[in-house]
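**Q** This is the structure I want to talk about, given as structure tokens.
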Amino acid sequence: MLAPRCDRLLATDIVESALASARSRMERTPHPDVAFVHWALGDPWPDTTFDLIVLSEVCYYLDPSALPRVVDEATAHLTTDGVLVAAHWRHPVSDYPMTGDEVHETLSQQQALTRTARYEDLDLLLETFVPVGTTPESVATCEGLLD
Numbered sequence: 000m001l002a003p004r005c006d007r008l009l010a011t012d013i014v015e016s017a018l019a020s021a022r023s024r025m026e027r028t029p030h031p032d033v034a035f036v037h038w039a040l041g042d043p044w045p046d047t048t049f050d051l052i053v054l055s056e057v058c059y060y061l062d063p064s065a066l067p068r069v070v071d072e073a074t075a076h077l078t079t080d081g082v083l084v085a086a087h088w089r090h091p092v093s094d095y096p097m098t099g100d101e102v103h104e105t106l107s108q109q110q111a112l113t114r115t116a117r118y119e120d121l122d123l124l125l126e127t128f129v130p131v132g133t134t135p136e137s138v139a140t141c142e143g144l145l146d
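First residue of the sequence shown: 0, per numbering that gives the first Met the number 0; consecutive thereafter.
Structure, rendered in structure tokens:
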């Protein structure tokens, strides 16, 4: 669902079956520039920047001491007008070193990021961040719906 909104999309996962499933779904709605890469947070980043980085359901797998470095790396790979989206399950899972709430608390403390939006319910925490110094615009403004 994200691909049609992008000029280029890089989808990553550490589970090959997840990548295969995503590739299969894209075959039904081809997009000219979508790449699927076996990659994990903490691995070296590609030598490029992104205007959107989505960290969905991944950061609580990291050791808490590693998360600030990973967020610094993600921030370093955002364009100056880029957005980082983080979405995580909020309930404790015995196999996860952190909860989603702990992940988002760490994100909110990163000095290189400014939170621009937050959605919270009993199960999910979703936030958007931009690099410090960026003047955030509303989605309506960006889409030309407001003057």
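Even for Gly, the Cβ is constructed at its ideal location relative to N, Cα and C.
#1: If we count Cβ pairs, one from each stretch, closer than 8 Å, do we get three or more for the region 45-57 versus the region 16-23?
#2: How many Å lie between residue 143 and residue 4 at the Cα?
#3: Report the rounded CA-to-CA distance for residue 68 versus residue 74, giving the unit in angstroms.
#4: Using beta-carbon positions only, say whether residue 10 and residue 54 come within less than 7 Å of one another.
#5: Short of 7 Å in beta carbon distance, which residues of its chain neighbour residue 99, apart from the five on each side in sequence? Order them along the chain.
#6: DSSP three-state call for residue 76: helix, strand or coil?
#7: Tell me which residues share the same chain as residue 145 and place their Cβ nearer than 6 Å to its Cβ, disregarding the 5 neighbours each side in the sequence.
#8: How is the beta strand (DSSP E) around residue 55 delimited, first residue to last?
**A** With the structure as the only source:
#1: In short, these stretches do not touch, since the Cβ pair count stays below three.
#2: In the sequence shown, residue 143 corresponds to position 144, counting from 1. In the sequence shown, residue 4 corresponds to position 5, counting from 1. Approximately 15 Å, taken between the alpha carbons.
#3: Here residue 68 is taken as the residue at index 69 of the sequence shown, counted from 1. Here residue 74 is taken as the residue at index 75 of the sequence shown, counted from 1. Between the alpha carbons of residue 68 and residue 74 lies a gap of roughly 10 Å.
#4: Here residue 10 corresponds to residue number 11 of the sequence shown, with the count starting at 1. Here residue 54 corresponds to residue number 55 of the sequence shown, with the count starting at 1. Between residue 10 and residue 54, the CB-CB gap reaches or exceeds 7 Å.
#5: Within the sequence shown, numbered from 1, the residue matching residue 99 stands at position 100. If we look at residue 99 and ignore the five residues flanking it on each side, its Cβ neighbours are 59, 87, 88, 89, 124.
#6: For the purposes of this step, residue 76 is taken as the residue at position 77 of the sequence shown. Secondary structure at residue 76: coil, using DSSP grouped into helix, strand and coil.
#7: As a first step, residue 145 is located in the sequence shown; it is residue number 146 there, counting from the start. Contacts found: 139.
#8: Position 56 of the sequence shown holds residue 55. Its beta strand (DSSP E) spans residues 49-55.
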